[in-house]
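All the letters of the sequence shown, read from the start, carry residue numbers 4 to 372 under the numbering used here.
Below is one structure; the comments refer to it alone.
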Amino acid sequence: MFNNKNNRRTMVLYLHGNASARVEVVPHLSFLLSLGIFGVCSMDFTGSGLSDGDYVSLGYYERYDLECVLQYLQTRYPNLEIVLWGRSMGASTALMHASEKTRNILSMNQTVEQIQKEQLLHIATNDDNTEEESEEPPTTQSLDRGGGVVDPDSSNVILKGLILDSPFASLIQLCEELVEKARAQGAILPSLLISVALTLISRSIHNQAHFPLREISPIDHVSSSSTPALFIVGADDNFIPPHHSEDLVERYRRGVSTNLFMVPGGHNDVRPPVVMEAIHQFLQVRLSLSSSDALKVPDYLAKSNLIHRLPPWKFTSFKGVFTELERSSIMRNNTEEVQEELGMTQERQDDIQNKLHLLSMGQEQQQAD
């Protein structure tokens with residue numbers, strides 16, 4: 004969504020979490036446009052929402068989806084300044100994309116056609132050699148809209164900041180922690196079995212979805228990132244514990260501005276107003292905002308948490324007077340409904356953990372046989 008009154012090309016690109024979609028940004032639209040931002044953009048990662056694809060790679064290929072969108076926005080809007088706002092998987096994707104490590108991969112200067120041919124060859128090779136561990140899958144190249152290869156560094160230049168809500172530091176580490184949580188709840192899972200199971204699971208994912216599980220590790224990227232970052236984490240997050248954000252901040256590139264906001268709540272809880280104020284201040288510093296061009300909203304809405312529930316199209320104006328539409332639809336205070344809108348409910352979170360446990364137990368049964 005774009006605020007056409009602002010001729011400055013300042014944008015927030017929102018990156019959704021796992022098991023979610025681009026609509027996750029909707030509760031934040033009025034808030035962001037009221038700050039004087041030119042536009043808010045979101046997208047469905049491959050395998051999510053309305054996008055094609057059979058697999059979600061939890062950041063590995065999503066960073067190349069992000070690169071394609073950034074390069075498209077550059078061709079569409081000149082003098083662009085962008086802040087990425089990611090949640091969970093989206094936050095980890097943003098961290099990996101912004102690093103020099105990813106820049107170096109994109110600088111291989113391969114065309115989209117070459118990448119597609121390599122992917123087909125890679126898949127065919129895996130089908131013929133299912134017992135062998137395959138090599139690292141080919142990466143997806145940045146979007147080329149003019150017949151040549153677009154400079155991958157150009158999309159990094161327009162990045163002015165990262166807003167990172169609940170990123171994980173390492174996917175393998177997160178899996179191991181979920182197993183430890185299961186042990187604490189009474190599950191009998193030997194360490195050797197878990198190590199073997201993770202290896203077999205990684206190989207299966209590599210052969211079927213063509214990405215290496217162990218390389219989904221934002222903590223290996225942040226030391227080469229030059230983009231200022233604001234980290235947000237719930238102190239009671241039992242899915243991606245707070246120490247993941249703390250570790251990422253500690254490993255971030257020296258001299259680059261980072262801030263960590265630890266607030267009450269869990270992984271999917273609505274963030275308190277103090278977080279939105281911190282985001283407001285961060286965007287004021289990182290982007291060329293103009294209050295005179297901001298989306299006008301009623302005073303009572305701007306001063307309340309309702310601004311994060313009511314999208315711009317729920318309002319109409321007549322001679323400067325705003326009339327609220329469908330007021331009852333935004334008066335919900337039910338946390339479960341909010342989590343459902345975000346895509347990752349407690350039920351979904353428990354389901355992911357249970358599937359990991361079942362995979363581990365399945366490998367144990369195979370070893371016994």
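By construction, the Cβ of each residue, glycine as well, lies at the ideal position given by its N, Cα and C atoms.
Predicted model only: the values in this text are computed from it and were never measured.
Cβ distance (whole Å) where residue i is taken to contact residue j below 8 angstroms
i, j, result
"R106", "S169", "Not a contact, Cβ separation roughly 25 angstroms."
"G39", "S294", "5 angstroms"
"T230", "G164", "6 angstroms"
"I235", "F264", "5 angstroms"
"L177", "I108", "Not quite, the Cβ-Cβ distance comes to about 23 angstroms (not below 8 angstroms), so this is no contact."
"V278", "V266", "6 angstroms"
"V86", "I166", "6 angstroms"
"R186", "S228", "With a Cβ gap of about 34 angstroms, R186 and S228 do not count as contacting."
"L233", "A281", "7 angstroms"
"S226", "R254", "6 angstroms"
For residue j and residue i, the rounded distance between their alpha carbons
i, j, result
"Y75", "D240", "35 angstroms"
"T114", "C71", "Per-residue confidence for T114 stands at a pLDDT of 43, beneath the threshold of 50, marking its modelled position as unreliable; the derived number appears in the next sentence. Rounded to whole angstroms, T114 to C71 spans 13 angstroms at the Cα level."
"R66", "M92", "10 angstroms"
"Y64", "F214", "8 angstroms"
"P2", "S207", "Outside the modelled stretch of the chain, which goes from 4 to 372, sits residue 2, for which no answer is possible."
"I84", "V160", "Going by the sequence as given, residue 84 is Glu instead of Ile. Rounded to the nearest angstrom, the two C-alpha atoms are 9 angstroms apart."
"K317", "H247", "37 angstroms"
"L174", "Y303", "42 angstroms"
"L292", "G189", "53 angstroms"
"R373", "M99", "Residue 373 is absent from the structure shown; the chain starts at 4 and stops at 372."
"G56", "A212", "10 angstroms"
"S60", "A172", "15 angstroms"
"G268", "P30", "18 angstroms"
"D250", "L309", "33 angstroms"
"P245", "L181", "14 angstroms"
"V43", "L162", "14 angstroms"
"Y80", "E103", "24 angstroms"
"V288", "N210", "44 angstroms"
"A305", "K184", "41 angstroms"
"I35", "N82", "Note that residue 35 is Leu in the sequence shown, not Ile. If you take the alpha carbons of L35 and N82, they lie about 19 angstroms apart."
The ligand MG heavy atom lying under 8 angstroms from the CB of residue i
i, result
"G258", "You won't find the ligand MG in this model; it holds no ligand whatsoever."
Buried/exposed call for residue i, threshold 16 Cβ in 10 Å
i, result
"L18", "buried"
"W88", "buried"
"E27", "buried"
"T78", "exposed"
"S198", "exposed"
"L216", "buried"
"N21", "buried"
"A97", "buried"
"G237", "buried"
"N271", "buried"
"G258", "exposed"
"L195", "exposed"
"S205", "buried"
"G149", "Legend: pLDDT at G149 = 35, less than 50; position of this residue unreliable, value from coordinates given subsequently. G149 comes out exposed."
Opposing strand residues paired with residue i [DSSP bridges]
i, result
"I40", "Paired residues: none, contrary to the question."
"G189", "DSSP output for G189 lists no bridge partner at all."
"I204", "Partner(s): none; I204 has no beta bridge."
"A232", "L165, T261"
"E180", "According to DSSP, E180 bridges with nothing at all."
"I85", "M14, L162"
"S51", "In DSSP, S51 forms no bridge with anything."
"S102", "S228"
"V266", "G237"
"R90", "D168"
"S110", "DSSP output for S110 lists no bridge partner at all."
"S45", "Y17"
Contact under 9 angstroms by Cβ, residue i with residue j
i, j, result
"S37", "V300", "yes"
"S54", "H311", "no"
"L313", "V15", "no"
"L290", "S158", "no"
"R52", "Y58", "First, the residue type needs correcting, since residue 52 is Gly and not Arg in the sequence shown. No. Outside cutoff."
"L201", "E218", "no"
"G62", "S95", "yes"
"M46", "R25", "yes"
"H224", "A101", "yes"
"L298", "P315", "yes"
"F41", "D68", "no"
Beta carbon proximity, residue i to chain C, threshold 9 angstroms
i, result
"F41", "No chain C appears in the structure shown, which is made up of a single protein chain."
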